[in-house]
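*Asks:* Okay, handing you the structure first.
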Ligand SMILES: [Zn+2]
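Chains as they are written, first to last, in the numbering used here: chain A, 1 to 183; chain B, 1001 to 1091.
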């Protein structure tokens, strides 16, 4: 039995924010990012028998997403024609290398800030994955979605003091998790 | 009662335990602490190092999460994603 199991039903709730933060700075378009993530989940679903459980679910999804982003740029470039690539790389580097480079580097210097913050977005949602499911959901609703205490309490059938205990523990765990790189 | 004593009594009534101070600090992250609570917290932080540390970390967490470049997928977009996945699994 593999150590890591796939659980496609939870993918959207668990990983879409993380994947979105990863994708948006690379394609810079909401619809395209959304499509690429959707395609990634579908491809993951189709090839889920290939998942060996050695990587975590998220790492595995990211590796699929990376291919999707590369394919996306490949498509754009074949539409534009190859001339542009040859101009950019007069020394005759292959198209593949150019694409890989484009994926892994910010396009220009002004993108540096975005790159840093993009990592923050991934770090936050990566840390959120580490919390217990209910704790993560409640923390998210309260902190990120800005839903009021009463609504959350009704949804989960908890008292406000239960909620604040959950929020307190979640905040401590999130701060601990983010501490190394962001505090 | 002398003026000094009165100040002391006022101050003691402001005295907070650490877990209560942290609770106010948590509420304050969501702008849900009252003015009185905030004043009590500030008094507490003057003499409590542990809570100063907690408050600093807590404030920093709020600031990080509010960074505009931290993107989220809206609930609506999530249900679209779920529908697409669902469609695929049932086919
Ligand atoms: Zn204290």
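We put the beta carbon where it would ideally sit given N, CA and C, even for glycine.
Would you say residue 130 of chain A reaches chain B, if we count a Cβ-Cβ gap shorter than 9 angstroms as a contact?
*Replies:* Residue mapping note: residue 130 of chain A aligns to position 130 of the first chain, counting from 1. No, residue 130 of chain A lies away from the interface with chain B (no Cβ there is under 9 angstroms from its Cβ).
*Asks:* Note the first and the last residue of the continuous alpha helix (DSSP H) segment covering residue 165 of chain A.
*Replies:* Mapped onto the first chain, residue 165 of chain A falls at position 165. It spans 160–182 - the alpha helix (DSSP H) in which residue 165 of chain A sits, taken as one unbroken run.
*Asks:* Return yes when the C-beta of residue 1023 of chain B is under 8 angstroms from any heavy atom of ligand 1, and no when it is not.
*Replies:* By one-based count along the second chain, residue 1023 of chain B stands at place 23. Incorrect: residue 1023 of chain B has no Cβ contact closer than 8 angstroms to ligand 1.
*Asks:* So, under 8 angstroms CB-CB, residue 139 of chain A and residue 167 of chain A are touching, yes? Tell me the CB distance rounded to an integer number of Å.
*Replies:* The count along the first chain starts at 1 and reaches residue 139 of chain A at position 139. The count along the first chain starts at 1 and reaches residue 167 of chain A at position 167. So it is a contact: roughly 6 angstroms between Cβ atoms.
*Asks:* Going by the CB atoms, is the gap between residue 65 of chain A and residue 23 of chain A shorter than 9 angstroms?
*Replies:* Taking the first residue of the first chain as position 1, residue 23 of chain A is located at position 23. Taking the first residue of the first chain as position 1, residue 65 of chain A is located at position 65. Closer than 9 angstroms, so yes.
*Asks:* Compute the distance between the beta-carbons of residue 128 of chain A and residue 149 of chain A, then report whether it is under 9 angstroms.
*Replies:* Within the first chain, residue 128 of chain A is the residue found at index 128, counting from 1. Within the first chain, residue 149 of chain A is the residue found at index 149, counting from 1. Their beta carbons are not under 9 angstroms apart, which means residue 128 of chain A does not touch residue 149 of chain A by this criterion.
*Asks:* I need the straight-line Cα distance from residue 1050 of chain B to residue 67 of chain A, nearest angstrom please.
*Replies:* Walking along the second chain from the start, residue 1050 of chain B turns up at place 50. Walking along the first chain from the start, residue 67 of chain A turns up at place 67. Spanning the two alpha carbons is a distance of roughly 47 angstroms.
*Asks:* With H, G and I counted as helix, E and B as strand and the rest as coil, what does DSSP make of residue 12 of chain A?
*Replies:* Translated into positions along the first chain, residue 12 of chain A becomes position 12. Three-state result, residue 12 of chain A: helix.
*Asks:* Please state the DSSP three-state secondary structure of residue 63 of chain A.
*Replies:* Along the first chain, one-based indexing puts residue 63 of chain A at 63. Reduced to three states, the DSSP call for residue 63 of chain A is helix.
*Asks:* Please give me, in chain order, every unbroken run of the alpha helix (DSSP H) with length at least 4 that falls completely inside the stretch 1042–1083 of chain B.
*Replies:* Qualifying alpha helix (DSSP H) stretches, in chain order: 1049–1065.
*Asks:* Distance check for residue 1033 of chain B and residue 74 of chain A, CA to CA, integer angstroms please.
*Replies:* Taking the first residue of the first chain as 1, we reach residue 74 of chain A at position 74. Taking the first residue of the second chain as 1, we reach residue 1033 of chain B at position 33. Between residue 74 of chain A and residue 1033 of chain B, the C-alpha separation is close to 53 angstroms.
*Asks:* Are the C-beta of residue 1044 of chain B and some C-beta of chain A separated by less than 9 angstroms?
*Replies:* Residue numbering aside, residue 1044 of chain B sits at position 44 when the second chain is read from its first letter. For residue 1044 of chain B, the answer is no, since every Cβ of chain A falls outside 9 angstroms of its Cβ.
*Asks:* Does residue 47 of chain A come out as helix, strand or coil in the three-state DSSP assignment?
*Replies:* Locating residue 47 of chain A in the first chain gives position 47, where the first residue counts as 1. Residue 47 of chain A: coil per DSSP, three-state reduction.
*Asks:* Got a sec? Which residues, its chain only, sit under 7 angstroms from residue 15 of chain A by beta carbon, not counting five neighbours each side?
*Replies:* In the first chain, counting from the first residue as 1, residue 15 of chain A sits at position 15. Same-chain partners within the cutoff: 58 and 61.
*Asks:* Is there at least one Cβ from chain A nearer than 9 angstroms to residue 1077 of chain B's Cβ?
*Replies:* Residue mapping note: residue 1077 of chain B aligns to position 77 of the second chain, counting from 1. So, interface residue.
*Asks:* What's the gap between the Cα of residue 1067 of chain B and the Cα of residue 46 of chain A?
*Replies:* Working through the second chain from its first residue, we reach residue 1067 of chain B at position 67. Working through the first chain from its first residue, we reach residue 46 of chain A at position 46. Cα to Cα, residue 1067 of chain B sits roughly 36 angstroms from residue 46 of chain A.
*Asks:* Specify the secondary structure class of residue 56 of chain A as computed by DSSP and reduced to three states.
*Replies:* Taking the first chain and counting its residues from 1, one reaches residue 56 of chain A at position 56. Looking at residue 56 of chain A - three-state DSSP - the assignment turns out to be coil, as it is neither helix nor strand.
*Asks:* Return the first residue and the last residue of the alpha helix (DSSP H) that residue 1030 of chain B is part of.
*Replies:* Walking along the second chain from the start, residue 1030 of chain B turns up at place 30. First-last for residue 1030 of chain B: undefined, no H or E at that position.
*Asks:* How about residue 110 of chain A: is its C-beta nearer than 9 angstroms to some C-beta of chain B?
*Replies:* Residue 110 of chain A sits at position 110 when you count from the first residue of the first chain. Caution is warranted here: a pLDDT of 43 is assigned to residue 110 of chain A, below 50, making its placement in the model unreliable, and the coordinate value is therefore given only provisionally. Taking Cβ atoms only, chain B never reaches closer than 9 angstroms to residue 110 of chain A, which makes this a no.
*Asks:* On the three-state DSSP scale, how would you describe residue 1037 of chain B?
*Replies:* Position 37 of the second chain, counted from the first residue, corresponds to residue 1037 of chain B. Looking at residue 1037 of chain B - three-state DSSP - the assignment turns out to be helix.
*Asks:* If we define contact as Cβ-Cβ less than 9 angstroms, is residue 51 of chain A a contact residue for chain B?
*Replies:* Locating residue 51 of chain A in the first chain gives position 51, counting from the first residue. It does not; no Cβ of chain B falls within 9 angstroms.
*Asks:* Taking only beta-carbon atoms, is residue 1085 of chain B less than 9 angstroms away from chain A?
*Replies:* Your numbering for residue 1085 of chain B matches position 85 in the second chain. With 9 angstroms as the cut-off, residue 1085 of chain B counts as an interface residue toward chain A.
*Asks:* Mind checking the stretch 4–32 of chain A against chain C and listing, in chain order, the residues whose C-beta falls within less than 9 angstroms of any C-beta there?
*Replies:* Absent here is chain C; the protein component of the structure consists of chains A and B.
*Asks:* To the nearest angstrom, how far is it from the Cα of residue 51 of chain A to the Cα of residue 1019 of chain B?
*Replies:* Reading the first chain from its first residue, position 51 is the one you call residue 51 of chain A. Reading the second chain from its first residue, position 19 is the one you call residue 1019 of chain B. Near 45 angstroms, if we compare the C-alpha coordinates of residue 1019 of chain B and residue 51 of chain A.
*Asks:* Is there a Cβ from chain B that is less than 9 angstroms from the Cβ of residue 69 of chain A?
*Replies:* Reading the first chain from its first residue, position 69 is the one you call residue 69 of chain A. No, no contact with chain B.
*Asks:* I need the straight-line Cα distance from residue 1053 of chain B to residue 143 of chain A, nearest angstrom please.
*Replies:* Numbered from 1 along the second chain, position 53 holds the residue referred to as residue 1053 of chain B. Numbered from 1 along the first chain, position 143 holds the residue referred to as residue 143 of chain A. Distance between the alpha carbons of residue 1053 of chain B and residue 143 of chain A is about 21 angstroms.
*Asks:* Using only alpha-carbon positions, find the residue among A:5, A:8 and A:12 that is nearest to residue 1076 of chain B.
*Replies:* Indexing the second chain from 1 puts residue 1076 of chain B at position 76. Answer by Cα proximity: A:12.
*Asks:* Taking residue 152 of chain A as part of the alpha helix (DSSP H), name the residues at either end of that continuous run.
*Replies:* For the purposes of this step, residue 152 of chain A is identified with residue 152 of the first chain, where counting begins at 1. Counting along the chain, the alpha helix (DSSP H) containing residue 152 of chain A begins and ends at 149–156.
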